[in-house]
Structures are given as C-alpha cells and as structure tokens.
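Before any comments, here is the structure.
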C-alpha cells in the first residue's frame, strides 16, 4: 500500500525547465517537478504531491543551498512557496526569463 510523501523534505540538484514552468530534478530515480527553483541550483524541497509508489513527485523549493547567478530577490512579498501562484518567476532575473 502506498503512503503519502506530502511534506517530505529532500535535497535535489535542479535541471532544465519543463512545461508549465516547473524545473526537473531527480531523487532516488524518480522525477521531481520543482517550483521556485532555477536550473543549476541545489535546493531543499518539500513534496506537495506524490505517493511512495508514484512515478513522479511535485515539490516546492523551500531553501536554496547553492543559488544560480540568475536568482534575484522577489519584489513581491506574496511570491514564494505556499503563497500566491501569480508571481512564480519573480525570483529569476529578467534576461534569464
């Protein structure tokens, strides 16, 4: 029987951007779609969707361990994990967007 992994925290190395603006990472052979991260970063993520037997997981970056040079401070106080979803790219420099 599968169990929920929601809330589980893991460290991942972030890969390329995928459809919908999430970035692709891998953990223990499984794809993890990560919000609030950038390609090349190492981040701690918290799983927001997925079971122990899921083929992929969804997660939010909750701590940046190694930042991309393209990361900037978000100008909107409501942007970020667990907050408004309308500003998902505010942490990315304009040229990189």
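In the working numbering, the protein residues as written are 18 to 114.
We put the beta carbon where it would ideally sit given N, CA and C, even for glycine.
This structure is a prediction, so every number in the text was calculated from the model and none was measured.
Unbroken beta strand (DSSP E) run spanning residue i, endpoints
| i | result |
| --- | --- |
| residue 40 | 40–44 |
For residue i: DSSP bridge partner residues
| i | result |
| --- | --- |
| residue 21 | 68 |
| residue 80 | 61 |
| residue 113 | According to DSSP, which records beta bridges pairwise, residue 113 is partnered with nothing at all. |
| residue 50 | 41 and 75 |
| residue 88 | 109 |
Within 9 Å, strictly: CB atoms of residue i and residue j
| i | j | result |
| --- | --- | --- |
| residue 84 | residue 98 | no |
| residue 34 | residue 49 | no |
| residue 53 | residue 29 | no |
For residue i, three-class secondary structure by DSSP
| i | result |
| --- | --- |
| residue 32 | strand |
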